[in-house]
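K.L.:
Residue numbers (our numbering): 267 to 387.
1. Within a Cβ cutoff of 7 Å, which residues of the same chain sit near residue 374, ignoring the five residues on either side of it in sequence?
2. Considering Cα atoms alone, identify which of 358, 355 and 304 is closest to residue 322.
3. Examine the Cβ distances between the stretch 327-338 and the stretch 348-359 and report whether three or more of them are shorter than 8 Å.
4. Mapping DSSP to helix, strand and coil, what is residue 336?
5. Could you have a look at residue 286 and say whether DSSP puts it in helix, strand or coil?
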């Protein structure tokens, strides 16, 4: 995606050429690099050097496959963002409820049973 880049040292940067044919989608490249690097992940306490990017095997996707994969990754990112928002809202609800119970401004009632209509007159 377009935007600023921040790289912590030591680091390596890959620049994606916008005119590449077939195109290289940053989201797709990042996912494929993560998948390839996972094969070489270090075990806890290991001291061996990490693999260079040159050692990673990344498949060469055609245009259509890369576009479909990018669309899938975009959908996953969107759904993950929605889930993060929902989790944040639930955390906020839990904090607010706890604060209300703690200061005496919130009490609870039993919920109506399944299949009952609590709006009856």
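Just so you know, even glycine gets a beta-carbon here, dropped at the ideal spot from N, CA and C. This structure is a prediction, so every number in the text was calculated from the model and none was measured.
P.N.:
Well, looking at it:
1. none
2. 304
3. no
4. helix
5. coil
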